[in-house]
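S.K.:
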Amino acid sequence: MFLQRNISLLASAAPYSFEYLAVAGGGGTGGNGLNGGGSGGGGAGGYYTATSSVLDIGTTITVTIGQGGTAGASTYTSHKGGDGGNTIVTHVKGGTLTCTGGGGGASGESATTGATGGSGGGGAKGGSGGSASGFTGEQVTAGGSGAANAGGGGGGAGQAGSNASTGGSPAGIVGAAGGDGLSSSITGTATYYAGGGAGGGYAQVHYQGYPNPITVPQGGQGGGGDSGTSYSSYQPNPENGAPNTGGGGGGTDFWNNANTGTTGGSGVVIFKIANANYSGTVTGSPAVDTSSVSGYTILKFTGSGSYTV
Numbered sequence: 141m142f143l144q145r146n147i148s149l150l151a152s153a154a155p156y157s158f159e160y161l162a163v164a165g166g167g168g169t170g171g172n173g174l175n176g177g178g179s180g181g182g183g184a185g186g187y188y189t190a191t192s193s194v195l196d197i198g199t200t201i202t203v204t205i206g207q208g209g210t211a212g213a214s215t216y217t218s219h220k221g222g223d224g225g226n227t228i229v230t231h232v233k234g235g236t237l238t239c240t241g242g243g244g245g246a247s248g249e250s251a252t253t254g255a256t257g258g259s260g261g262g263g264a265k266g267g268s269g270g271s272a273s274g275f276t277g278e279q280v281t282a283g284g285s286g287a288a289n290a291g292g293g294g295g296g297a298g299q300a301g302s303n304a305s306t307g308g309s310p311a312g313i314v315g316a317a318g319g320d321g322l323s324s325s326i327t328g329t330a331t332y333y334a335g336g337g338a339g340g341g342y343a344q345v346h347y348q349g350y351p352n353p354i355t356v357p358q359g360g361q362g363g364g365g366d367s368g369t370s371y372s373s374y375q376p377n378p379e380n381g382a383p384n385t386g387g388g389g390g391g392t393d394f395w396n397n398a399n400t401g402t403t404g405g406s407g408v409v410i411f412k413i414a415n416a417n418y419s420g421t422v423t424g425s426p427a428v429d430t431s432s433v434s435g436y437t438i439l440k441f442t443g444s445g446s447y448t449v
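Here's what the structure looks like:
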């Protein structure tokens, strides 16, 4: 009886591993002044999912969530969107995991390149898209190139940002789509994360069908922001990247007005832990879900915190 009870206690304290998903913050987009064109879409934050290394009981895993990149100013000088913040998780992947924040989208004020990031930001006014920069296994792609007056799409985790078309009249005025992110079912429901933001255009409604407007350039699946049109009846304002998805911000459209850019979406970290192993020791108030996946506890960190194994 004594031996059996102690074997049970030892078994409950055995090291274990668990599934996790980490996404960094998405990039913001640049603004434009009165000489501008559409800005490039923000790049998505880096996306990574795996099963943790086997961890000893008592190990504390700390989580830092990357914030979305800031919006560029509406001035005559070129202001790219801010890069997204890195998401950091300790004691996984054999050490510390750092997912790379998405690159900021280029300003529509001049021919500029989108910023390099987890996924790259879109270029503007003929500038190239930002390149992807991540570690082996991190899902990242490049941003798309801008056209004469329009922005390229930001890269998503699963698809590069599209290049803005150089055709049309006037030439190169339609913003490009952001790249799609990737779907994960770690929470029990298939959900996309890390979509790239759409590139902005130049008076897209005015030149392409008012009052029967074109479709607004779309952000990628996974929180990427759509572009705007500058017209009150047709989604005038571009969208920010969705919070806690790592999505990039949508690019601004230009039509005789100066525009501030958009912000990227913040990142997220999710743990999927067998109920038999879950310790219940957390900080930072993550969402705790014990019902969506049978036999598992889901921890969703949308802000910094920790979990003790």
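Residue 353 in this note's numbering sits at position 213 of the sequence shown; the count goes up by one each step and never skips.
Every residue, glycine too, gets a C-beta built ideally from N, C-alpha and C.
Note that this is a predicted model, so its numbers are computed, not measured.
Comparing alpha-carbon positions, which option in E249, S192, G209, Q358 lies nearest G256?
M.R.: By 1-based counting over the sequence shown, the position of residue 256 is 116. First, the amino acid is wrong: residue 256 is Thr here, not Gly. Here the closest residue by C-alpha is G209.
S.K.: How many Å lie between A338 and G319 at the Cα?
M.R.: The residue you call residue 338 lines up with position 198 of the sequence shown. The residue you call residue 319 lines up with position 179 of the sequence shown. The straight-line gap from Cα to Cα measures roughly 8 Å.
S.K.: Among residues of its own chain, excluding the 5 on either side of Q299, which ones have a beta-carbon nearer than 7 Å to its beta-carbon?
M.R.: Working through the sequence shown from its first residue, we reach residue 299 at position 159. Closer than 7 Å at Cβ, skipping near neighbours: T281, G319, D320, G360.
S.K.: Output needed for A311: all residues of its chain with C-beta closer than 6 Å, excluding positions within five of it in sequence on either side, in chain order.
M.R.: Indexing the sequence shown from 1 puts residue 311 at position 171. A288.
S.K.: Within this structure, are the beta carbons of A246 and S325 separated by less than 9 Å?
M.R.: Working through the sequence shown from its first residue, we reach residue 246 at position 106. Working through the sequence shown from its first residue, we reach residue 325 at position 185. No.
S.K.: Would you identify the three-state DSSP class for Y436, choosing helix, strand or coil?
M.R.: Numbered from its first residue, the sequence shown carries residue 436 at position 296. Y436 falls in the strand class under three-state DSSP.
S.K.: Enumerate in chain order the residues of its own chain whose CB-to-CB distance from Q207 is below 6 Å, with the five nearest sequence positions on each side excluded.
M.R.: Residue numbering aside, residue 207 sits at position 67 when the sequence shown is read from its first letter. Here the set comprises G165, G225, S406.
S.K.: Give the straight-line distance between the Cα atoms of G295 and Q344, rounded to the nearest whole angstrom.
M.R.: For the purposes of this step, residue 295 is taken as the residue at position 155 of the sequence shown. For the purposes of this step, residue 344 is taken as the residue at position 204 of the sequence shown. Each residue's Cα considered, the two are about 22 Å apart.
S.K.: Would K265 and G248 qualify as a contact pair, given that the criterion is a beta-carbon distance under 9 Å?
M.R.: Here residue 265 corresponds to residue number 125 of the sequence shown, with the count starting at 1. Here residue 248 corresponds to residue number 108 of the sequence shown, with the count starting at 1. Result yes, Cβ atoms of K265 and G248 sit closer than 9 Å.
S.K.: Helix, strand or coil: which one does DSSP assign to V345?
M.R.: Sequence index remark: in the sequence shown, residue 345 carries index 205 (1-based). Helix at V345.
S.K.: Please report the straight-line C-alpha distance between S444 and A382, rounded to a whole angstrom.
M.R.: Locating residue 444 in the sequence shown gives position 304, counting from the first residue. Locating residue 382 in the sequence shown gives position 242, counting from the first residue. Roughly 18 Å between the two C-alpha positions.
S.K.: Checking 9 Å against the spacing of the C-beta atoms, do G221 and T169 come in under that value?
M.R.: Position 81 of the sequence shown, counting from 1, holds the residue named residue 221. Position 29 of the sequence shown, counting from 1, holds the residue named residue 169. Contact: yes.
S.K.: When you compare only the Cα positions, how much space is there between P376 and T437?
M.R.: For this step, residue 376 is matched to residue 236 along the sequence shown. For this step, residue 437 is matched to residue 297 along the sequence shown. Looking at the two C-alpha atoms, the distance is approximately 42 Å.
S.K.: Is the separation between the beta-carbon of G258 and that of T240 shorter than 9 Å?
M.R.: If you number the sequence shown from 1, residue 258 lands on position 118. If you number the sequence shown from 1, residue 240 lands on position 100. Yes; because the gap between Cβ atoms is below 9 Å, this pair is in contact.
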